[in-house]
Amino acid sequence: MSSSRSSGSNSSSSSISSSSTQGVVAVVVVVVVVVIIIIVVVVVVLLVVVAIVVIAHVVLVGVVVVVVVVPVVVVVVLVVVIVVVVVIHAAVVIV
1 MSSSRSSGSN SSSSSISSSS TQGVVAVVVV VVVVVIIIIV VVVVVLLVVV AIVVIAHVVL
61 VGVVVVVVVV PVVVVVVLVV VIVVVVVIHA AVVIV
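The UniProt record's numbering numbers the first residue of the sequence shown as 1 and each following residue consecutively.
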């Protein structure tokens, strides 16, 4: 009789152990999933930041080209045109 009681208590303790193990496994799975989600969110945010920086850099380079290179080219073309006009005018005056 006492042996049946001890076996009954053993079966209940093993079911408690099994349910607590399942609880621990569930908690570990939830923690792993949350960590993976956090890593994915961080990676996506970093990719968005990198994309924004690259786009801003391209826009900045475009602005630099428009603000610096275009006026320099215009000035050089104007100087060349003025020099050509002056040379042609001087040649006409001399002749």
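Every residue, glycine too, gets a C-beta built ideally from N, C-alpha and C.
Check your understanding: Roughly how many angstroms lie between the CA atoms of Ala26 and Val50, to the nearest whole one?
Key -> Ala26 and Val50: Cα-Cα distance of roughly 36 Å.
Exercise for review: Just the C-alpha distance for Val67 and Val31, rounded to the nearest angstrom, thanks.
Suggested key: When rounded, the distance between both Cα atoms is 53 Å.
Review point. Under a three-way DSSP split, which group does Ser2 fall into?
Key: Bear in mind that a pLDDT of 48 at Ser2, under 50, signals an unreliable position, so the model cannot answer this.
**Study point:** Start-to-end residues for the alpha helix (DSSP H) that takes in Val65
**Key:** That residue, Val65, is in no alpha helix (DSSP H); it is neither H nor E in DSSP.
Practice item. Determine the extent of the alpha helix (DSSP H) in which Val84 is found, giving its start and end residues. Key: Counting along the chain, the alpha helix (DSSP H) containing Val84 begins and ends at Val70 to Ile94.
Review point. Cα separation between Ile52 and Val72?
Key: In this structure, the alpha-carbon of Ile52 lies about 29 Å from that of Val72.
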